[in-house]
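Visitor:
Residue numbers (the working numbering): 1279 to 2357.
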């Protein structure tokens, strides 16, 4: 039978805070601590998951864990983030409900890791396939890119997200991911220009300087030293837990996977480098003649390098840092900027440049990961955003972050109550109103379009005249003084006049999570977020393609005098859009909590956790969940779990599950007001009732266990007795068998001994008789042998003496021959055919044998040597042998050619692109390709030609152009003539009347004469259809030039003429070739 598990089994503390009894803040914290100490970092509040950051790796995210929680009921196993992810994914896939997962908590609580775990779980359980895997990989790899540009090291977290992120993952009808859309909220761009002590700028700056190659840094005009850049804090530039160089390689790889082109990545890095360069620009004051102060750039080198990176004219950007142009209607007024204003303009440009680059990255990633199909998609949203923030000093950023959390709390209460009400209606249970704190009044205080704090801040920013943070606070004191959740020292309520915990430049708001004190300093400037129009226009003039996209308002053709929307207005609109989006989806909540500020494991700081529990509103969540029915369960698992508590339902209930549960509750006499029956579930109002059932079940299970143990022990003892009884019978039977076998073996052994003694006596007696008989026979044989020997010696004595000399001579000769052969064996020469050595003969009568053996050994040695030749080597030696037959002792240049191998293709004509056209025009295999000189009969000078020899023809081509000059088929060659001297001249004589004989014979000169004529002769000798080519070697021969016959005569030249061969025309009938004397 399959074992059913439940959230209540083996529970450490209480797995679901809704069941906590009694419910108080102390018991809530004690339960969290108890579970945290036992490595249980997840706890439920109904369907909400509380996650404590363990600050170490736990073995609870393995592939086995993924399979364990896959397709399981939410409350079936112990609390885990995988249970929530699986519930959301199955609801989306099977019930066609769009889902959203809201992850909140303060910095360092583990929000980013929680979002990664949700996405990795969904990626693991959804479908497989090449396209699906590609989409999943792109969705997962978008995280490293956004973390590099949007995360930073803070005092609370080494990888803190400094922006809010909402990702919609789109699925098809099968539940396979198709793509996604990312929205970002409120990037902390002030961090670009200034970081608090102990914190860093965004990761990408340090990753670029640590991980980029020297060549990349040189192109970006950067150095690796962090101290060279004013925007990078030095007190925590290096973090032991972060490997910036490795992370940079990870980011580049992730950008490639997501779909960034190489030029896009280079453009992004150029903008990052430009921000660093921008921080190094410093200004100095300079007085003008009219008494006005203006600013000038101290060192223009960083400005110059920045302008080169972005393709901006240096003078344009320099003027934008020194002057500001204000346009009103048709007028333009240009004013100078002092040093403070110049630094403000520089920092504003840096913040806007980085912020817009980050927004462009999000847009670019969305283009790559968006779903391609046009059909309706199922959507799962994942929201990773700041939790409620209460610091010692809270400013504009904390104000709008807490405003966003107020809106999220509002939607949480609304959706939770709506979900409860829908379930009550679905189950047919009467809905009762639940009393809870409605924070709509706080949201209205902040976002009201007329009297809201954001509206008044916008109104103050747009008001003409002097606008300061103090005037903004005065306006709040005037309008919001009567609001029950607003407090100020200067408000009209007298009860705050003596409150010294409330400074004069601050106001306090009673949020749902507690009171927060906000300092108004910087509210107006941060809300304005102004970038001078001159800087926008200067950026638009850049030749950098990405810069033009980031600053479209700088286009002179589209000048808009309307003031840009404020930061508060933009964020309010973004939050409104987000809330509208979340209203259409089924929500799932993950509340992340940081257990300590030391980032250490096994430490649970109660005061810190209590603070987070309060501002996350977790106690309020529990109260809302417990306002109606604290626990609900379908009838089947409820009956399966508690059926042993009633005799009527144990061990098997044959009827419907609801009737079984009704019989069970009636038998247990549970008060009717403590539970209600729905259509498919039973609803239990108080946790005490559930714990009563669990206690009864535990006691019943103990009784059942005792009964099972009793029955099992009785069965075990009986089985043991029967086994002993059976074993005794078997042992007794085996022993009796063993005793009989031993007795039989003893008798058998005694009989064998007696028999052996008798047989031994008989054998010894027979042996004595046989020995006596043998001795008698041997004696008779010996006597007979001696007698016959005497007779033979007497008869053959005369014959032996007459032939003794011949026998001794033959024996002596035999011994001499044996000794000769053995000595020759040990003195044989080497196996080289050119080794002429041979051992000397020991005796003159062996002369003929000695000579014949030498000849036989040489023949055998040559045969062995030839057997090692390959076919190619045999062909080479065959050509060399034929060359020897043709030219040995006939041609003076022959000895020098013996050691030179016949290469054949000296031009490598098939590989040389210069002769590609010539090579392709020859159909047969080229056996020889060389450069020869064609002798001109008019002046005796030579012109270079390419000589090609194939099995069918001889081809002459121009060396420079590769154009074929002549092609002569081999059957039309009559003979080849050459001299006996050390020259390379030869004449190809054509047959009279042949097609090629019209122009006459060819007189040529070659450095490889021997090889060329040998190959010609060899081809003609192997062809069966033509005569053998004759080779004439003479110092004087005739050559036919068209109609004339010319005599070519070779003479010995003198040493004065050098070592070169010269050819001169003596008359119309004589060519004289002067050959240098042989050395």
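Cβ atoms here follow ideal geometry from the backbone N, Cα and C, with glycine treated the same way.
If you're wondering where the values come from, they're calculated on a predicted model, not measured in any experiment.
Secondary structure at residue 1321, three-state DSSP: helix, strand or coil?
Guide: Strand at residue 1321.
Visitor: Going by DSSP in three states, residue 1789 sits in which element: helix, strand or coil?
Guide: Looking at residue 1789 - three-state DSSP - the assignment turns out to be strand.
Visitor: Looking only at C-alpha atoms, which of 1622, 1890, 1726 sits nearest to residue 2358?
Guide: In this structure the chain extends from 1279 to 2357, so residue 2358 is not present and cannot be described.
Visitor: Taking the beta strand (DSSP E) that residue 1457 belongs to, which residues open and close that run?
Guide: Note, residue 1457: beta strand (DSSP E), 1455-1463.
Visitor: Just the C-alpha distance for residue 2224 and residue 2247, rounded to the nearest angstrom, thanks.
Guide: Cα-Cα distance, rounded: 16 Å.
Visitor: Residue 1532 to residue 1423, Cα distance in whole Å?
Guide: C-alpha separation (whole angstroms): 7 Å.
Visitor: According to DSSP, simplified to helix, strand and coil, what is residue 1870?
Guide: Residue 1870 falls in the strand class under three-state DSSP.
Visitor: How many Å lie between residue 1293 and residue 1707 at the Cα?
Guide: So the alpha carbons of these two residues sit roughly 26 Å apart.
Visitor: Strictly by DSSP, which residues pair up with residue 1442?
Guide: Beta-bridge pairing links residue 1442 to 1463.
Visitor: Looking only at its own chain, which residues have a Cβ that is under 6 Å from the Cβ of residue 1598, when we skip the five neighbours before and after it?
Guide: The residues are 1812, 1813, 1816.
Visitor: Of the residues 2269, 2109, 2311, 1882, which one's Cα is nearest the Cα of residue 1307?
Guide: Answer by Cα proximity: 1882.
Visitor: Output the residue ranges of the alpha helix (DSSP H) runs that lie fully inside the segment 1330-1408 and measure 4 residues or longer, sorted by chain position.
Guide: 1341-1347, 1359-1373, 1389-1403, all fully within the segment 1330-1408.
Visitor: My understanding is that residue 1420 touches residue 1537, with C-beta atoms under 8 Å, so please give their C-beta distance in whole angstroms.
Guide: Residue 1420 to residue 1537, Cβ: 10 Å. No contact.
Visitor: Answer yes if the segment 2304-2314 comes into contact with the segment 2221-2237, meaning at least three C-beta pairs across the two stretches below 8 Å, and no otherwise.
Guide: Flag = no, the segment 2221-2237 and the segment 2304-2314 do not touch.
Visitor: Round the Cβ separation of residue 1436 and residue 1517 to the nearest angstrom and send it over; I've been treating them as touching at under 8 Å.
Guide: About 6 Å; that satisfies the 8 Å criterion.
Visitor: Does the separation of the CB atoms of residue 2183 and residue 2204 fall below 8 Å?
Guide: In contact: residue 2183 and residue 2204 (Cβ atoms closer than 8 Å).
Visitor: Would you kindly check if the distance between the Cβ of residue 1740 and the Cβ of residue 1750 is under 8 Å?
Guide: Not closer than 8 Å, so no.
Visitor: What residue range is occupied by the uninterrupted alpha helix (DSSP H) comprising residue 1541?
Guide: Run containing residue 1541: 1540-1557, per the alpha helix (DSSP H) assignment.
Visitor: Within 10 angstroms of its Cβ, does residue 1548 collect 16 or more other Cβ (buried), or is it exposed?
Guide: Looking at its Cβ environment, which holds 16 or more other Cβ atoms inside 10 Å, residue 1548 is buried.
Visitor: In the DSSP assignment, the beta strand (DSSP E) including residue 1576 goes from what residue to what residue?
Guide: It is not in any beta strand (DSSP E) - residue 1576 carries neither H nor E in the DSSP assignment.
Visitor: Measuring alpha carbon to alpha carbon, tell me which of 1748, 1691, 2144 ends up nearest residue 1861.
Guide: Per the Cα distances, 1691.
Visitor: Going by Cα to Cα distance, which pick from 2276, 2342, 2220, 2288 is closest to residue 2175?
Guide: Checking every option, the nearest Cα to that of residue 2175 belongs to 2288.
Visitor: Per DSSP, what kind of secondary structure is residue 1960 in: helix, strand or coil?
Guide: The answer is strand: DSSP assigns residue 1960 an E or B state.
Visitor: In its own chain, which residues sit with a C-beta less than 8 Å from the C-beta of residue 2254, not counting the 5 before and 5 after it?
Guide: For residue 2254, where only same-chain residues beyond five positions count, the Cβ hits under 8 Å are 2264, 2265, 2266, 2267, 2291, 2294, 2295, 2307, 2308, 2309, 2310.
Visitor: Which term fits residue 1796, buried or exposed, when burial requires 16 or more other beta carbons within 10 angstroms of its beta carbon?
Guide: Result: buried.
Visitor: Classify residue 2089 as buried or exposed, calling it buried when 16 or more other Cβ atoms lie within 10 Å of its own Cβ.
Guide: That one is exposed.
Visitor: Taking contact to mean 3 or more Cβ pairs, one atom from each stretch, closer than 8 Å, check whether the segment 1324-1340 and the segment 1869-1880 are in contact.
Guide: As far as the Cβ criterion goes, the segment 1324-1340 touches the segment 1869-1880, which means the pair count is three or higher.
Visitor: What is the rounded straight-line gap between the Cα of residue 2276 and the Cα of residue 2316?
Guide: Straight-line Cα distance between these residues: approximately 17 Å.
Visitor: Relative to the C-alpha of residue 1809, which candidate in 1844, 2025, 1383, 1780 has its C-alpha closest?
Guide: Considering only alpha carbons, the answer is 1844.
Visitor: Could you tell me whether the Cβ atoms of residue 1924 and residue 1941 are closer together than 8 Å?
Guide: Yes; because the gap between Cβ atoms is below 8 Å, this pair is in contact.
Visitor: Give me whichever residues DSSP pairs with residue 1659 in a beta bridge.
Guide: According to DSSP, residue 1659 bridges with 1378, 1446.
Visitor: Quick one, which of 1587, 1589, 1590, 1555 has its alpha-carbon nearest residue 1577's?
Guide: Selected option, being the one with the closest Cα: 1555.
Visitor: Going straight from the alpha carbon of residue 1514 to that of residue 1525, what length do you get?
Guide: Their backbone Cα atoms lie some 17 Å apart in a straight line.
Visitor: In this structure, how does DSSP classify residue 1810 when only helix, strand and coil are distinguished?
Guide: DSSP places residue 1810 in coil when its eight states are reduced to three.
Visitor: For residue 2143, I'd like the list of residues in its chain whose CB is within less than 6 Å of its CB, leaving aside the five on either flank, ordered along the chain.
Guide: Excluding residues within five positions, the ones whose Cβ falls inside 6 Å are 2111.
Visitor: Using 8 Å as the threshold, is the C-beta distance between residue 1270 and residue 1557 below it?
Guide: Since the displayed the chain opens at 1279 and closes at 2357, residue 1270 lies outside it and no answer follows.
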